[in-house]
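S.K.:
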């Protein structure tokens with residue numbers, strides 16, 4: 003899909019969901035096109051099939067295996083999310099009574115999620131429920147802080163991030179060789 007067609011598709015989804023028309027101008031987030039190639043990886047924490055961009059998958063496996071060798075268990079909670087899937091997430095939250103303003107503090111608008119790139123992963127560990135801020139107090143998070151950059155991963159949404167997204171210690175994005 004061309005960049006123009008992708009941007010128009012995202013704009014239409016935003017209109018349908020009631021996302022403010024100035025979202026693209028009011029956020030430091032950038033439009034994140036979906037990758038040309040995705041490969042299957044292990045099922046996530048919930049047993050769902052997951053996909054990543056090939057280089058991100060190789061980096062994730064190397065990082066996960068090194069953590070295991072260091073006595074730290076890391077597992078995949080989620081990986082690639084399509085624009086349509088992101089729209090479904092937001093629809094469910096709207097149907098549950100949440101406002102767009104509330105939702106956009108914890109989820110990026112469709113088209114702007116790093117998960118669309120196939121390079122972002124949500125990571126969990128055995129001693130903490132998935133997708134909980136308490137992840138920051140785990141050995142897994144401490145290990146990631148010390149070693150994730152060696153594998154090309156960065157924490158996307160630290161406390162007080164400029165994107166206005168709530169702190170997500172579990173969300174890491176592969177940045178190397180993109």
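Numbering (my numbering), first residue to last: 3 to 180.
Even glycine gets a Cβ: it sits at the ideal position worked out from N, Cα and C.
Residue 172 to residue 152, Cα distance in whole Å?
M.R.: Translated into positions along the chain shown, residue 172 becomes position 170. Translated into positions along the chain shown, residue 152 becomes position 150. Approximately 17 angstroms between the Cα atoms of the pair.
S.K.: Name the DSSP beta bridge partners of residue 174, please?
M.R.: Here the question's residue 174 lines up with position 172 in the chain shown. Residue 174 is bridged to 123 and 157.
S.K.: In or out: residue 134 buried (at least 16 other Cβ within 10 Å) or exposed?
M.R.: Walking along the chain shown from the start, residue 134 turns up at place 132. Label assigned to residue 134: exposed.
S.K.: With a cut-off of 8 angstroms, do at least 3 Cβ pairs link the region 134-146 to the region 104-124?
M.R.: As far as the Cβ criterion goes, the region 134-146 does not touch the region 104-124, which means the pair count is below three.
S.K.: What do you get for residue 52, buried or exposed, if any count of 16 or more other CB atoms within 10 angstroms of its CB means buried?
M.R.: The count along the chain shown starts at 1 and reaches residue 52 at position 50. Residue 52 is buried by the Cβ-count criterion.
S.K.: Helix, strand or coil for residue 14, going by three-state DSSP, please let me know.
M.R.: The residue given as residue 14 occupies position 12 in the chain shown. Three-state result, residue 14: helix.
S.K.: In chain order, which alpha helix (DSSP H) runs of at least 4 residues are fully inside the region 15-85?
M.R.: Within the region 15-85, the complete alpha helix (DSSP H) runs of at least 4 residues are 25-28 and 56-71.
S.K.: Could you check which residue in 154, 46, 177 and 110 has the C-alpha nearest to that of residue 164?
M.R.: Numbered from 1 along the chain shown, position 162 holds the residue referred to as residue 164. If we check each option's Cα against that of residue 164, 110 comes out closest.
S.K.: Go ahead and label residue 88 buried or exposed: buried means 16 or more other beta carbons lie within 10 angstroms of its beta carbon, across all protein chains shown.
M.R.: Working through the chain shown from its first residue, we reach residue 88 at position 86. Residue 88 is buried by the Cβ-count criterion.
S.K.: Comparing C-alpha positions only, which one of 108, 113 and 55 sits nearest to residue 166?
M.R.: Walking along the chain shown from the start, residue 166 turns up at place 164. It is 108.
S.K.: If you compare alpha carbons, which of 14, 170, 160 and 8 is closest to residue 126?
M.R.: Taking the chain shown and counting its residues from 1, the one referred to as residue 126 is at position 124. Looking at the Cα atoms, 170 is the closest of the given residues.
S.K.: Using a beta-carbon distance below 8 angstroms, is residue 5 in contact with chain D?
M.R.: No chain D appears in this structure, which consists of one protein chain only.
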